[in-house]
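Note sheet for the following structure.
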Amino acid sequence: MYAGVVFRNSMRFFVGTFCTRIGRGYHKEAELATILDSIIYAHSQGWSFLWVESDSSLVVDTVLYTISLVPWRLQGLWCRAMQAASDMMIMYSHIYQEDNQAADALAKLHRDVV
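Counting with my numbering, you get residues 49 to 162 for the letters of the sequence shown.
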């Protein structure tokens, strides 16, 4: 199971990408792991602001509200991401699946290559 991330700057210019592989699991787990990884990555790059968009409102709500919604195997990652997020300004929003084509294509490409 893979999920992709596309990073853009405040002018919406392409900055970079990465893909997360979580092994066996559900699509929503892959999306959640990718969002959590992207928060940790952005923090490691020294970024102060991050806008996370996801085509899953369930995943956005999981990141925002409580660890009790996080699958047990991702709880350690969630805790690390929330620690990193405490030093950042992060905005979360839901987007339609059609607007998430670049990240989805990246995940499919990575799956096909590996």
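C-beta: ideal position from N, C-alpha, C; glycine also.
Query, Result
"Segments assigned alpha helix (DSSP H), at least 4 residues, entirely inside the region 59 to 114", "75 to 92, 105 to 113"
"Selected residue, minimal CA-CA separation from Tyr130, among Arg60, Ile83, Thr65", "The question names Tyr, but residue 130 in the sequence shown is Met. Comparing Cα positions, the closest option is Ile83."
"Coarse secondary structure for Met130, derived from DSSP in three states", "helix"
"Stretch-stretch touch, CB-based, cutoff 8 angstroms, three pairs: the region 104 to 116 with the region 52 to 68", "no"
"Per DSSP, cross-strand counterpart(s) of Ser116", "According to DSSP, which records beta bridges pairwise, Ser116 is partnered with nothing at all."
"Through-space distance from Met136 to Leu125, alpha-carbon basis", "17 angstroms"
"Arg56 - partner residues in DSSP beta bridges", "Phe62"
"Bridge-paired residues (DSSP) for Met136", "Partner(s): none; Met136 has no beta bridge."
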